[in-house]
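J.:
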Amino acid sequence: MIAKREPGLALRSAKRDWGPALRSAKRGWEPALRSAKREGGFTLLEVIVALAILAAGLLGLIELLSGSLRLAGGARDSNAASLYASQRLEEAMLAPSPAEGEETGLFGEKYRWTARTSFLPEEEGRPYRPVHVQVTVRWDDGGRDRAVSVSATRWERKRDG
7 MIAKREPGLA LRSAKRDWGP ALRSAKRGWE PALRSAKREG GFTLLEVIVA
57 LAILAAGLLG LIELLSGSLR LAGGARDSNA ASLYASQRLE EAMLAPSPAE
107 GEETGLFGEK YRWTARTSFL PEEEGRPYRP VHVQVTVRWD DGGRDRAVSV
157 SATRWERKRD G
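Take 7 as the starting number for the sequence shown in my numbering and just add one per residue.
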């Protein structure tokens, strides 16, 4: 069959009419041409780069989470120490007759407290004298000694005698 020459289609129609030998030769080139084209997948280099970026992001996230857990633990310890110090200060402030000096004790196994009571200088002619109480709670935070202090002043009636 002879191909008619139409503009733009002459060579295309001529290729279709060639014999079976040419068609089989053409099929032999198709796999090579197909592998040269991009099939829509990812190359090994792209996959490795993507995994490296993902790993860096995950490491950053893990570091962020561990830092927040460490800070939460420190805040918990500091809050507990503040509550213990406030409790001990209230006990010292409510004591009926405070003695000047220092007391120590423990809150559980972790927290140590020290309460210092001192009498401030009295003013002449006043029926009350100031009593200053300071409570310090200490604890070990992973090798670092941490402390919280609270203090208050109360007025005690002077005793005659």
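Just so you know, even glycine gets a beta-carbon here, dropped at the ideal spot from N, CA and C.
#1: What separation, rounded to the nearest whole angstrom, lies between the Cα atoms of L100 and S157?
#2: Hey, A121 and E109: beta-carbon distance below 8 Å or not?
#3: Tell me the residue span of the alpha helix (DSSP H) that contains A105.
#4: From K164 to R135, what does the alpha carbon distance come to, in whole angstroms?
#5: Across the stretch 79 to 99 and the stretch 130 to 149, are there enough close Cβ pairs to call them in contact, namely three or more that are closer than 8 Å?
#6: Quick one: grab the DSSP three-state call for E70.
#7: Using a Cβ-Cβ cut-off of 8 Å (strictly less than) and excluding sequence neighbours within five positions of R118, which residues of its own chain qualify?
#8: Report the three-state DSSP secondary structure of E162 (helix, strand or coil).
#9: Pick out whichever of S155, T159 and R160 has its Cα sitting closest to the Cα of A86.
#10: Name the one or two DSSP bridge partners that L112 has.
#11: Could you tell me whether the Cβ atoms of D151 and D83 are closer together than 8 Å?
#12: Would you please state the rounded distance, in angstroms, between the beta carbons of G107 and T123? I believe it to be under 8 Å.
T.: Let me spell this out:
#1: Residue numbering aside, residue 100 sits at position 94 when the sequence shown is read from its first letter. Residue numbering aside, residue 157 sits at position 151 when the sequence shown is read from its first letter. Straight-line Cα distance between these residues: approximately 14 Å.
#2: Position 115 of the sequence shown holds residue 121. Position 103 of the sequence shown holds residue 109. With respect to E109, A121 sits close: the two C-beta atoms are nearer than 8 Å.
#3: Here residue 105 refers to the residue found at position 99 when the sequence shown is read from its first residue. Counting along the chain, A105 falls outside any alpha helix (DSSP H), and DSSP gives it neither H nor E.
#4: Against the sequence shown, residue 164 aligns to sequence position 158. Against the sequence shown, residue 135 aligns to sequence position 129. Answer to the nearest angstrom: the Cα atoms are 6 Å apart.
#5: yes
#6: To locate residue 70, count along the sequence shown from 1; it is residue 64. It is Leu, not Glu, that sits at residue 70 in the sequence shown. Helix, per DSSP.
#7: Here the question's residue 118 lines up with position 112 in the sequence shown. So the qualifying residues of the chain are T110, G111, L112, V143, R144 and W145.
#8: One-based indexing of the sequence shown puts residue 162 at position 156. In this structure, E162 counts as strand in the three-state DSSP scheme.
#9: The sequence position of residue 86 within the sequence shown is 80, counting from 1. Comparing Cα positions, the closest option is S155.
#10: Reading the sequence shown from its first residue, position 106 is the one you call residue 112. Partner(s): R118.
#11: The sequence position of residue 151 within the sequence shown is 145, counting from 1. The sequence position of residue 83 within the sequence shown is 77, counting from 1. Result no, Cβ atoms of D151 and D83 do not sit closer than 8 Å.
#12: Sequence index remark: in the sequence shown, residue 107 carries index 101 (1-based). Sequence index remark: in the sequence shown, residue 123 carries index 117 (1-based). Sure, about 6 Å apart at Cβ, within 8 Å.
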